[in-house]
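Quick notes on the structure that follows.
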Amino acid sequence: MADKAREDEAIRGITERLTDAFRATRSPAEVQAAVAKAHASFADRPVREFIPVLVERQARTLLNESSD
Numbered sequence: 032m033a034d035k036a037r038e039d040e041a042i043r044g045i046t047e048r049l050t051d052a053f054r055a056t057r058s059p060a061e062v063q064a065a066v067a068k069a070h071a072s073f074a075d076r077p078v079r080e081f082i083p084v085l086v087e088r089q090a091r092t093l094l095n096e097s098s099d
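Position in the sequence shown (from 1) plus 31 gives the number in the working numbering.
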């Protein structure tokens with residue numbers, strides 16, 4: 032349970048960081064959707080330690096691609 036809480040907190044932090052980083056080009060809802068999509072893509076992975084790092088990378092990629 033502590034691992035899930037830690038992961039959830041990390042995902043909230045990622046959402047806040049990316050919302051700030053993409054403030055000029057993306058709405059908070061778009062950022063939240065990108066983070067949720069990235070996080071969902073790792074739902075079935077048994078090892079959870081690096082999920083936040085992978086989610087942030089994937090969400091950044093999604094947000095950068097959609098701005099081109």
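The C-beta atom is built at its ideal place from N, Cα and C for all residues, glycine as well.
- Taking all protein chains in view, the Cβ of P83 is crowded by 16 or more other Cβ atoms within 10 Å, so the residue is classified as buried.
- The criterion of a C-beta distance shorter than 8 Å is not satisfied by L93 and A74.
- T46 sits in a helix when the DSSP states are folded into three classes.
- Counting C-beta atoms within 10 angstroms of its own C-beta, V78 has fewer than 16 neighbours from the protein chains shown and is therefore classed as exposed.
- In the displayed model, T92 falls within a helix according to three-state DSSP.
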